[in-house]
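Contents: one structure, followed by commentary.
Numbering (my numbering), first residue to last: 32 to 259.
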């Protein structure tokens, strides 16, 4: 972890954002872990990774996972939410600058809503999210919306190389893009460190699409302080 606590880590990332100290954050939760381990499966958002058809995705995702740079932070699974074997596997590969994949959710979600979302208004936002996203519902302005599909890691994989990231400076990129967001957060940071890149997962779903996670639906996980 980056500090000494679950709350400390989200506060660490927020201070960097507020001070406009550019960095990149990429989180690898259950679905990303299964791709990294090259397992065919269908996740809760109804996209399917096929290890035989999508080997290029696994390779690119692994590259993003093991990438090391002073400004690149990686969120990994925690032992209170996942099997110890999976946690150890991830920790063995990520040697430094690791935090929780859940750092923006569970007991930290209220902090995220009360701090990150208002702070977004102080930045020029480039948002990658589903093509049916209700962007106008967001409580902050979006300078540019890049629409993607539900299976963006397959359908929009070409954005990793084709998006003109070198043309952007002093922007805040928000990725609500599943595994594609991980790959973009790493590759864009590698190519251009004059922006901040945040893989924010489902945190904006109540505005953009649907609240389809336990922490968004009143589940007890909204009170869960994750362990390290």
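We put the beta carbon where it would ideally sit given N, CA and C, even for glycine.
Per DSSP, the bridge partner or partners of residue i
{"i": "residue 158", "result": "176 and 205"}
{"i": "residue 107", "result": "131"}
{"i": "residue 58", "result": "106"}
{"i": "residue 73", "result": "79"}
{"i": "residue 230", "result": "206"}
Burial state of residue i, where buried means 16 or more other Cβ atoms lie within 10 Å
{"i": "residue 27", "result": "Residue 27 is absent from the structure shown; the chain starts at 32 and stops at 259."}
{"i": "residue 210", "result": "buried"}
{"i": "residue 214", "result": "buried"}
{"i": "residue 218", "result": "buried"}
{"i": "residue 79", "result": "exposed"}
{"i": "residue 97", "result": "exposed"}
{"i": "residue 90", "result": "exposed"}
{"i": "residue 145", "result": "exposed"}
{"i": "residue 130", "result": "buried"}
{"i": "residue 226", "result": "buried"}
{"i": "residue 202", "result": "buried"}
{"i": "residue 230", "result": "buried"}
Check: residue i C-beta below 7 angstroms from any heavy atom of the ligand MG
{"i": "residue 67", "result": "Questions concerning the ligand MG fall outside what the structure shown contains, since it holds no ligand whatsoever."}
Residue nearest to residue i in terms of C-alpha spacing, selected from the options
{"i": "residue 246", "options": "59, 134 and 47", "result": "134"}
{"i": "residue 87", "options": "242, 189 and 197", "result": "189"}
{"i": "residue 181", "options": "199, 159 and 167", "result": "159"}
{"i": "residue 165", "options": "155, 154, 73 and 178", "result": "178"}
{"i": "residue 221", "options": "32, 197 and 258", "result": "197"}
{"i": "residue 187", "options": "212, 42 and 123", "result": "212"}
{"i": "residue 67", "options": "51, 242, 118 and 112", "result": "118"}
{"i": "residue 257", "options": "150, 126, 231 and 111", "result": "111"}
{"i": "residue 140", "options": "34, 42, 32 and 241", "result": "42"}
{"i": "residue 38", "options": "53, 69 and 143", "result": "143"}
{"i": "residue 124", "options": "200, 147 and 95", "result": "95"}
Supposed close pair residue i, residue j - CB separation, criterion 8 angstroms
{"i": "residue 102", "j": "residue 55", "result": "6 angstroms"}
{"i": "residue 157", "j": "residue 175", "result": "5 angstroms"}
{"i": "residue 235", "j": "residue 207", "result": "6 angstroms"}
{"i": "residue 137", "j": "residue 255", "result": "4 angstroms"}
{"i": "residue 104", "j": "residue 128", "result": "5 angstroms"}
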